[in-house]
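Okay, so here's the structure we're looking at.
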Amino acid sequence: MTATSSAPETTLPTAREQLLNRIQKDIPIVQRPYKVVAEEVGLSEAEALEILREVKADGVLRQVSAIFDTRTLGYQSSLVAAVHDVDQLDAGAEIVNGHPGVSHNYRRNHDFNLWYTIAVPPESDLEAHVQKLHEQSGARLTRLMPTLHLFKIGVEFDMTGKEDWNAKSKPQYTSEQRNIGYVVTDLDRAFVTEFQKDLPVTEEPYADACAALGLDIAEVAAHAEKMKAAGALRRVSAVFRHQKAGFTFNAMGVWAVPQADVSEVGRQMAEFKAVSHCYLRPTYPEWPYTIFTMVHGRSKEEAFGKIKAIEDEVANGVDYDILYSTKEYKKIRLEFYKPEFYEWERANLGG
Numbered sequence: 281m282t283a284t285s286s287a288p289e290t291t292l293p294t295a296r297e298q299l300l301n302r303i304q305k306d307i308p309i310v311q312r313p314y315k316v317v318a319e320e321v322g323l324s325e326a327e328a329l330e331i332l333r334e335v336k337a338d339g340v341l342r343q344v345s346a347i348f349d350t351r352t353l354g355y356q357s358s359l360v361a362a363v364h365d366v367d368q369l370d371a372g373a374e375i376v377n378g379h380p381g382v383s384h385n386y387r388r389n390h391d392f393n394l395w396y397t398i399a400v401p402p403e404s405d406l407e408a409h410v411q412k413l414h415e416q417s418g419a420r421l422t423r424l425m426p427t428l429h430l431f432k433i434g435v436e437f438d439m440t441g442k443e444d445w446n447a448k449s450k451p452q453y454t455s456e457q458r459n460i461g462y463v464v465t466d467l468d469r470a471f472v473t474e475f476q477k478d479l480p481v482t483e484e485p486y487a488d489a490c491a492a493l494g495l496d497i498a499e500v501a502a503h504a505e506k507m508k509a510a511g512a513l514r515r516v517s518a519v520f521r522h523q524k525a526g527f528t529f530n531a532m533g534v535w536a537v538p539q540a541d542v543s544e545v546g547r548q549m550a551e552f553k554a555v556s557h558c559y560l561r562p563t564y565p566e567w568p569y570t571i572f573t574m575v576h577g578r579s580k581e582e583a584f585g586k587i588k589a590i591e592d593e594v595a596n597g598v599d600y601d602i603l604y605s606t607k608e609y610k611k612i613r614l615e616f617y618k619p620e621f622y623e624w625e626r627a628n629l630g631g
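With the numbering used here applied, the sequence shown corresponds to residues 281 to 631, in that order.
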């Protein structure tokens, strides 16, 4: 199998497959959004809802909710890589998991064997939180790897299995869509609180959020557009559980692209549909890699093949490595403005 091979292209995607692909892109904020989406793929509203309820009951559909940009909302966030003694790794990971701002935490096949993401609100000190986790978890070395430039973020699984591994599309969300000087209002906070919840798979999924905000659907949609224009809101969409959806293997390609080339190479890597995340991150003496690309596959062969397709087209001759998860310790959607965060901060950092 070559790096750009795919499933046979003789069969067209079914309406069900098209629906599952479509709801990962965006779900419109209108009174009956699933009616709109269903019509786009040739289904009735009732048929679409039946499919979505089925995949949710099966555990494939994790949730439907808004996806917000942490940085535009004033949050500080970072990927963190740590080195743990192997016999202490599980215990260390458990300590890290206890932090309410940690949303993802994995063991990976590298000397840096624990990788987690953490976010803290504007008034908090990100480095202080990471330093405390370093001390409490017994890590031998911890490195902050914040995003220096976001080339792409947007997980969309090809539920048809028919796309080429080197298929391209323009990224939906990049650093250019962020407004770092955005002032978060009380209505923004209330909107985030309501729309980060798992929205029901019903004819009118936004009804409860509208009632809580005291706004009608048109007013909610107008405010959503304002937050989108500022980069604070990316979209409302479905999120699938990777493994349940058949994507059991992930691969993080890390590339030692020279600084002079990172802008152009990062842009090209982000255009691969298989890439869900593409970032520029800092280097360290023991870590030479500038660009990170994440892909998912139904097998190790598929995931590695997608990385190889990137190498063949845009990174020939660039030193790179592939890190993959060997254990998932934690994976949740980050929730903003949660009281549990402030409780952890007071208990562990004082104040």
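Even glycine gets a Cβ: it sits at the ideal position worked out from N, Cα and C.
Keep in mind it's a predicted model, so treat the numbers as computed, not measured.
Exercise. Is it the case that the Cβ atoms of E551 and P451 are separated by a distance below 8 Å?
Worked result: The residue given as residue 551 occupies position 271 in the sequence shown. The residue given as residue 451 occupies position 171 in the sequence shown. Going by C-beta atoms, E551 is nearer than 8 Å to P451.
Problem set entry | Minimum C-alpha distance to T352 - residue among A328, N377, F520, V400 | Sequence index remark: in the sequence shown, residue 352 carries index 72 (1-based). Ranking the options by Cα distance to T352, first place goes to V400.
Exercise. Residues in its own chain within less than 6 Å of R420 by CB, not counting five upstream and five downstream?
Worked result: As a working mapping, residue 420 is identified with position 140 in the sequence shown. Hits under 6 Å: V363.
For this session: Alpha carbon to alpha carbon, how far is K412 from A627? Give it in angstroms, no decimals.
Result: Reading the sequence shown from its first residue, position 347 is the one you call residue 627. Reading the sequence shown from its first residue, position 132 is the one you call residue 412. Spanning the two alpha carbons is a distance of roughly 11 Å.
Exercise. Any idea what DSSP makes of K586, helix, strand or coil?
Worked result: In the sequence shown, residue 586 corresponds to position 306, counting from 1. Helix at K586.
Problem set entry | Cβ pair A536, D599 closer than 8 Å | Counting from 1 along the sequence shown, the entry for residue 536 is found at position 256. Counting from 1 along the sequence shown, the entry for residue 599 is found at position 319. Going by C-beta atoms, A536 is nearer than 8 Å to D599.
For this session: Over the uninterrupted beta strand (DSSP E) stretch that includes G372, give me the two end residues.
Result: Translated into the one-based positions of the sequence shown, residue 372 becomes position 92. Element bounds for G372: not the beta strand (DSSP E) but the alpha helix (DSSP H), 369 to 377.
Exercise. In the structure shown, what three-state DSSP assignment does E620 receive?
Worked result: Looking up residue 620 in the sequence shown gives position 340. In this structure, E620 counts as helix in the three-state DSSP scheme.
Exercise. Are the CB atoms of V464 and A346 nearer to each other than 8 Å?
Worked result: Along the sequence shown, one-based indexing puts residue 464 at 184. Along the sequence shown, one-based indexing puts residue 346 at 66. Going by C-beta atoms, V464 is not nearer than 8 Å to A346.
Problem set entry | CB-CB length for M425 against P562, believed under 8 Å | Working through the sequence shown from its first residue, we reach residue 425 at position 145. Working through the sequence shown from its first residue, we reach residue 562 at position 282. The pair is a contact, with the Cβ atoms about 6 Å apart (cut-off 8 Å).
For this session: From the DSSP output, in three-state form, read off E484 for me.
Result: Along the sequence shown, read from residue 1 onward, the residue named residue 484 stands at position 204. Correct three-state label for E484: coil.
Exercise. Quick one: what does DSSP say N628 is sitting in, helix, strand or coil?
Worked result: Taking the sequence shown and counting its residues from 1, one reaches residue 628 at position 348. N628 falls in the helix class under three-state DSSP.
For this session: Rounded to whole angstroms, what's the CA-CA distance from F616 to H384? Just pull it up for me.
Result: Position 336 of the sequence shown holds residue 616. Position 104 of the sequence shown holds residue 384. Spanning the two alpha carbons is a distance of roughly 15 Å.
Exercise. Pairing CB atoms from the region 387 to 402 with CB atoms from the region 594 to 612, are three or more of them under 8 Å?
Worked result: yes
Exercise. What residues match up with C490 in a beta bridge as DSSP calls it?
Worked result: For this step, residue 490 is matched to residue 210 along the sequence shown. Looking at the DSSP assignment, C490 forms no beta bridge with any residue, so it has no partner.
Problem set entry | Same chain only: Cβ atoms within 8 Å of L299, ignoring 5 sequence neighbours per side | Counting from one through the sequence shown, the residue named residue 299 turns up at place 19. Closer than 8 Å at Cβ, skipping near neighbours: V317, A318, V321, L323, A328, I331, L332.
Problem set entry | Distance between A518 and T573 (C-alpha atoms, nearest Å) | Start at 1 with the first residue of the sequence shown, and residue 573 comes out as number 293. Start at 1 with the first residue of the sequence shown, and residue 518 comes out as number 238. In a straight line, the C-alpha of T573 is about 22 Å away from that of A518.
Exercise. How many Å lie between V360 and E407 at the Cα?
Worked result: Within the sequence shown, numbered from 1, the residue matching residue 360 stands at position 80. Within the sequence shown, numbered from 1, the residue matching residue 407 stands at position 127. Taking the straight line joining both Cα atoms gives about 11 Å.
Exercise. So, S417 versus V376, is the Cβ gap smaller than 8 Å?
Worked result: The residue labelled residue 417 in the question sits at position 137 within the sequence shown. The residue labelled residue 376 in the question sits at position 96 within the sequence shown. Against a cut-off of 8 Å, the Cβ pair of V376 and S417 comes out as a contact.
For this session: Could you tell me if E289 is buried or exposed, where buried requires 16 or more neighbouring beta carbons within 10 angstroms of its beta carbon?
Result: By one-based count along the sequence shown, residue 289 stands at place 9. Only weak support is given to the placement of E289: the predicted model assigns it a pLDDT of 49, under 50, and the value that follows is read from those uncertain coordinates. It is exposed - the Cβ of E289 has fewer than 16 other Cβ atoms within 10 Å.
For this session: Just the C-alpha distance for P538 and E581, rounded to the nearest angstrom, thanks.
Result: Here residue 538 refers to the residue found at position 258 of the sequence shown. Here residue 581 refers to the residue found at position 301 of the sequence shown. Distance between the alpha carbons of P538 and E581 is about 28 Å.
Problem set entry | Reference A531; option with closest CA among F392, D601, T427 | Stepping through the sequence shown from its first residue, residue 531 is reached at position 251. Ranking F392, D601, T427 by CA distance to the CA of A531 puts D601 first.
Problem set entry | Rounded C-alpha distance that separates L560 from E544 | In the sequence shown, residue 560 corresponds to position 280, counting from 1. In the sequence shown, residue 544 corresponds to position 264, counting from 1. Between L560 and E544, the C-alpha separation is close to 11 Å.
Exercise. Hey, would you say D478 sits closer than 8 Å to Q343, going by beta carbons?
Worked result: Here residue 478 corresponds to residue number 198 of the sequence shown, with the count starting at 1. Here residue 343 corresponds to residue number 63 of the sequence shown, with the count starting at 1. In this structure, Q343 lies closer than 8 Å to D478 by Cβ.
Exercise. For S605 versus R388, is the C-beta spacing smaller than 8 Å?
Worked result: Counting from one through the sequence shown, the residue named residue 605 turns up at place 325. Counting from one through the sequence shown, the residue named residue 388 turns up at place 108. Closer than 8 Å, so yes.
For this session: Assign H390 to one of three DSSP states: helix, strand, or coil.
Result: By 1-based counting over the sequence shown, the position of residue 390 is 110. Reduced to three states, the DSSP call for H390 is coil.
Exercise. Alpha carbon to alpha carbon, what distance is there between R514 and T482?
Worked result: Taking the sequence shown and counting its residues from 1, one reaches residue 482 at position 202. Taking the sequence shown and counting its residues from 1, one reaches residue 514 at position 234. Using only the alpha carbons, I get a separation of about 22 Å.
Exercise. Given K618, which residues of its chain have a CB within under 7 Å of its CB, disregarding the five upstream and five downstream residues?
Worked result: Counting from one through the sequence shown, the residue named residue 618 turns up at place 338. Within its own chain, the residues whose Cβ lies closer than 7 Å to the Cβ of K618, once the five positions on either side in sequence are excluded, are P380, listed in chain order.
Problem set entry | Rounded straight-line distance, which links the Cα of F348 to that of W567 | Here residue 567 refers to the residue found at position 287 when the sequence shown is read from its first residue. Here residue 348 refers to the residue found at position 68 when the sequence shown is read from its first residue. Roughly 30 Å between the two C-alpha positions.
For this session: Could you have a look at L323 and say whether DSSP puts it in helix, strand or coil?
Result: Taking the sequence shown and counting its residues from 1, the one referred to as residue 323 is at position 43. Coil at L323, not helix or strand.
Problem set entry | Residues near H557 in its chain [Cβ-Cβ closer than 6 Å; skip 5 each side] | Reading the sequence shown from its first residue, position 277 is the one you call residue 557. Taken in chain order, the residues that qualify are I433, M574.
Exercise. With respect to the beta strand (DSSP E) encompassing H557, which residues constitute its N-terminal and C-terminal limits?
Worked result: Within the sequence shown, the letter at position 277 stands for residue 557. Run containing H557: 555 to 560, per the beta strand (DSSP E) assignment.
For this session: Pull up the distance between the alpha-carbon of T284 and that of Y386, whole angstroms please.
Result: By one-based count along the sequence shown, residue 284 stands at place 4. By one-based count along the sequence shown, residue 386 stands at place 106. In this prediction, T284 has a pLDDT of 45, which is less than 50 and means its spatial position is unreliable; what the coordinates show is noted afterwards. Whole-angstrom Cα-Cα distance: 28 Å.
Exercise. Using CA coordinates, which residue listed in G354, S357, H390 is at the minimum distance from L369?
Worked result: Along the sequence shown, one-based indexing puts residue 369 at 89. The residue with the shortest Cα to Cα distance from L369 is H390.
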